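This report refers to the structure that appears directly beneath it.
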Amino acid sequence: MIDLLNEEINKFLLSYPNIADEKLNEIQKKYSSSITDNLDKGHVTTNICMIAASNLKQNPKDIATALVEWLKKTKKFEKVESAGPGFVNITLQRSDFVSIINNINQKSQKFGESDYGNNKSVQIEFVSANPTGPLHVGHGRGAAYGDAIGRILSSSGYKVEKEYYINDAGRQIDILTASVFARIYEDDFNGFFPKSAYKGTYVSEIALAFKDKNNYKLDVDKSLIENLPGDEEKEIDELILRIKNNYEKWADIKAFALDEVLNGIKTDLKSFNVTYDKWYSESSLGDIGDNESKIKKAIDSLIKTKLAYKDNGAIWLDTSRSGDDKNRVLIRDDGRATYFASDVAYHKDKIDRGFDKLINVWGADHHGYIKRIEASIEGLGFDKEKLDVQLVQFANLFKDGKKVKMSTRSGDFYSLADLINEIGTDAARFYYLSKQADQHLDFDLNLAKADSKENIFYYIQYAHARICSLIEKYNKNYGSMPKDATAIISSSYINCDKLIHEMSKYPHIVLRAAIALQPHLIIYYLKDFAQSFHSFYNDNKVLTESKENTDSIVYCLNAAKIIIANGLKLLGIEPIEKM
RNA sequence: GCGCCUGUAGCUCAGCUGGAUAGAGCAACUGCCUUCUAAGCAGUGGGUCAGGAGUUCGAAUCUCUUCAGGCGCGCCA
Numbered sequence: 001m002i003d004l005l006n007e008e009i010n011k012f013l014l015s016y017p018n019i020a021d022e023k024l025n026e027i028q029k030k031y032s033s034s035i036t037d038n039l040d041k042g043h044v045t046t047n048i049c050m051i052a053a054s055n056l057k058q059n060p061k062d063i064a065t066a067l068v069e070w071l072k073k074t075k076k077f078e079k080v081e082s083a084g085p086g087f088v089n090i091t092l093q094r095s096d097f098v099s100i101i102n103n104i105n106q107k108s109q110k111f112g113e114s115d116y117g118n119n120k121s122v123q124i125e126f127v128s129a130n131p132t133g134p135l136h137v138g139h140g141r142g143a144a145y146g147d148a149i150g151r152i153l154s155s156s157g158y159k160v161e162k163e164y165y166i167n168d169a170g171r172q173i174d175i176l177t178a179s180v181f182a183r184i185y186e187d188d189f190n191g192f193f194p195k196s197a198y199k200g201t202y203v204s205e206i207a208l209a210f211k212d213k214n215n216y217k218l219d220v221d222k223s224l225i226e227n228l229p230g231d232e233e234k235e236i237d238e239l240i241l242r243i244k245n246n247y248e249k250w251a252d253i254k255a256f257a258l259d260e261v262l263n264g265i266k267t268d269l270k271s272f273n274v275t276y277d278k279w280y281s282e283s284s285l286g287d288i289g290d291n292e293s294k295i296k297k298a299i300d301s302l303i304k305t306k307l308a309y310k311d312n313g314a315i316w317l318d319t320s321r322s323g324d325d326k327n328r329v330l331i332r333d334d335g336r337a338t339y340f341a342s343d344v345a346y347h348k349d350k351i352d353r354g355f356d357k358l359i360n361v362w363g364a365d366h367h368g369y370i371k372r373i374e375a376s377i378e379g380l381g382f383d384k385e386k387l388d389v390q391l392v393q394f395a396n397l398f399k400d401g402k403k404v405k406m407s408t409r410s411g412d413f414y415s416l417a418d419l420i421n422e423i424g425t426d427a428a429r430f431y432y433l434s435k436q437a438d439q440h441l442d443f444d445l446n447l448a449k450a451d452s453k454e455n456i457f458y459y460i461q462y463a464h465a466r467i468c469s470l471i472e473k474y475n476k477n478y479g480s481m482p483k484d485a486t487a488i489i490s491s492s493y494i495n496c497d498k499l500i501h502e503m504s505k506y507p508h509i510v511l512r513a514a515i516a517l518q519p520h521l522i523i524y525y526l527k528d529f530a531q532s533f534h535s536f537y538n539d540n541k542v543l544t545e546s547k548e549n550t551d552s553i554v555y556c557l558n559a560a561k562i563i564i565a566n567g568l569k570l571l572g573i574e575p576i577e578k579m
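The first sequence stops at residue 579 when you use my numbering, and every number in between is there.
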């Protein structure tokens, strides 16, 4: 519909006297035509006259008058008028306007898709929580967000691959292993448990499962826990060291614990309707001591470019030349690689895999980390624009007006699984996505369960369910779905016009959401659209109209149902048919 | 101190690459169920878009600055 207008505008520009090619280009690039926000401005509108006026130093209203004359002569539009400071508003011919619902009904689930992405490949890495315990509600937001932008991008013509990076190589995993170890021998150790070990009940469960699986009483040397340092961090580190060196089952416990926790995470994500194409393990990057490992090779190539250098016994990366506050350590003076070194190798590997674009979804507390990872990408000779880091702010959960705490180590937390149990996957995803990701979110559990308009989730679902119910009744009366909307095209029934106009905006909303990586735009659109529907539903009786009118309305409402369903599916939410 | 984010109605927030009288929900007040789902609809009141300066036909939106709040600045991950 907009194309129809732009085509004529371009012809108009070419016919316009005294425009240099350069100016013409500039104007064509800058102006925009769009769907009006409101029917009393017609169907589509353009700001071309204002843009042209500033470029040509002419009065916008004069240009508008000329354009209006031109457009009228084409006879392709129902009505053309200039308005305000120089907008030109167009009312489409009836059949052009109504054609949107034919389009929706025909394309059905595919309506809203585009080839904007040109089949470029995008990799989205998200959640990637340390596998040291179950996912908590803080992780839920990144999960919902990463998954939703994955869906939105693939519907916009990108080839999307979703990946989870498993941090299975660091100190946190050692602490998990030591925690499980300590629970296994809690009785032998007379109730001893390290102060900063993971205290969640899942640790005890893993310990129990490990004992069951091994099916025999494992001996342990009690001196392992004697005379440990008092400081809680030193205590756990010393314990880890002793177990590693003196206890043969260390690796078994570690592998077992990791496996258990990871399976839990996978199960939780699955029930949260989040799927991954790949689970990438940090340990697969290999050991820094191994010349053939990915991590060693990545660091070596940085050393070759002289961006990485040795100082004070450690290997540093010059990240400050790319705007970081200070340089960062890659290899510690004792020869161990830092987390950063793994991450450098990981990002090199991602780029080597040939993606056109990488999107990292990170918690907002990692924003200080962006500069240094960009620096490493540049240092390796890649374009840092390939990487797009999307920050997700924490979500504060409120229950009965009180803030719900979350912390993995203390074991006192509200898990993602708890949340799903309490309000369901769909409502949870919906509220996580209801605000721009990089802003703080207050998530009110009571609201998510409320049965009033305040609960936007149900407000939207209710619109869908109402349409489903109407269609069901229609089918019972008339047998099959109507094939067109003759009463609407002929203008004998015009009460659906606002709905149709709103529906025509949908593809633009999806595109905007894809470009800006902002799923919340879809939520706000759906809310407004549901509002329009409920209003229509209240003012109009559908099934008691004449057969011709009813046919047209149902045809139109079926399109409305498709819009809501498609929008929700982009968010990973199933539309509800009966409430 | 440096960096990032935020400041829009009493509250929670929308507001597209600058565009036509700044929007919604909640809260307050008023109406609408013998008829397709009242988890609904219609209406009223409520704003120096934190303050100031600039850019321009036009600024909540862009630039600078002041104020206020949040977060991040380990040879942790």
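Backbone N, C-alpha and C define an ideal beta-carbon position, used for all residues, glycine too.
Predicted model only: the values in this text are computed from it and were never measured.
Query	Result
Backbone CA spacing between I236 and P229 [nearest angstrom]	9 Å
For G42, the residue or residues it bridges with in DSSP	D40
The region 53-64 contacting the region 109-120, beta-carbon criterion three pairs below 8 Å	no
Spatially closest choice to Y339 from N167, Q436, N540, R321, by CA coordinates	N167
As assigned by DSSP and simplified to three states, the class of S415	strand
Touching by the beta-carbon criterion (3+ pairs, under 8 Å), the region 148-168 and the region 114-126	yes
Distance CB(A465)-CB(I563) smaller than 8 Å	no
Residue range of the alpha helix (DSSP H) that includes F12	2-15
Whole-angstrom distance between S82 and I90, CA atom to CA atom	9 Å
Exposure of M579, with buried meaning 16 or more beta-carbon neighbours within 10 Å	exposed
Assumed close pair G381, L317 - CB separation to whole angstroms, cut-off 8 Å	Actually they do not touch by this definition, with Cβ atoms about 14 Å apart.
Sheet register partners of E81 (DSSP bridge)	N89
Coarse secondary structure for Y506, derived from DSSP in three states	helix
Straight-line Cα distance separating I104 from K483	12 Å
Inter-stretch contact at 8 Å, needing at least 3 Cβ pairs: the region 416-435 / the region 474-492	no
Inter-stretch contact (C-beta, 8 Å, three-pair minimum) for the region 390-400 and the region 364-371	yes
DSSP bridge partner residues for K278 (one or two, in chain order)	E163
Cβ neighbour criterion (16 or more within 10 Å) applied to S494	Per the sequence shown, the amino acid found at residue 494 is Ile instead of Ser. Under this definition I494 is an exposed residue.
Strand pairing of P444, partner residues [DSSP]	It is worth fixing the name first, because residue 444 is Asp in this sequence and not Pro. In DSSP, D444 forms a bridge with F398.
Beta carbon of I240 nearer than 8 Å to that of A178	yes
Beta-carbon proximity of R372 to D333, cut-off 8 Å	no
Distance CB(K222)-CB(D188) smaller than 8 Å	yes
Contacting residues, own chain, Cβ-Cβ under 7 Å from W70 (five flanking each side not counted)	F12
Secondary structure of K249, DSSP reduced to three states	coil
Cβ pair count under 8 Å reaching 3, the region 59-77 against the region 42-50	yes
Residue closest to E586, alpha-carbon to alpha-carbon, out of S108, C556, G42	Residue 586 lies beyond the range of the chain shown here (1 to 579); nothing can be said about it.
Coil, strand or helix - N214 by DSSP	helix
Helix, strand or coil at S284 according to DSSP, with G and I counted as helix	helix
7 Å Cβ shell around K591 - same chain, five flanking residues per side excluded	This structure gives no information on residue 591, because the portion of the chain shown stretches from 1 to 579.
Collapsed DSSP secondary structure at L557 in the structure displayed	helix
Buried versus exposed call for S504 [16 or more other C-beta atoms within 10 Å across all chains shown]	buried
K73 to V80 span [Cα, whole Å]	10 Å
Top-ranked residue by Cα proximity to L176, from I243, T544, V220	I243
DSSP three-state assignment for L433, whether helix, strand or coil	coil
Identified DSSP bridge partners for T357	Before going on, a small fix: residue 357 reads as Lys here, not Thr. The partner list for K357 (beta bridge, DSSP) reads V122.
Residue from D343, K278, R328 with nearest C-alpha to E294	What sits at residue 294 in the sequence shown is Lys, not Glu. Of the candidates D343, K278, R328, the one whose C-alpha sits nearest the C-alpha of K294 is D343.
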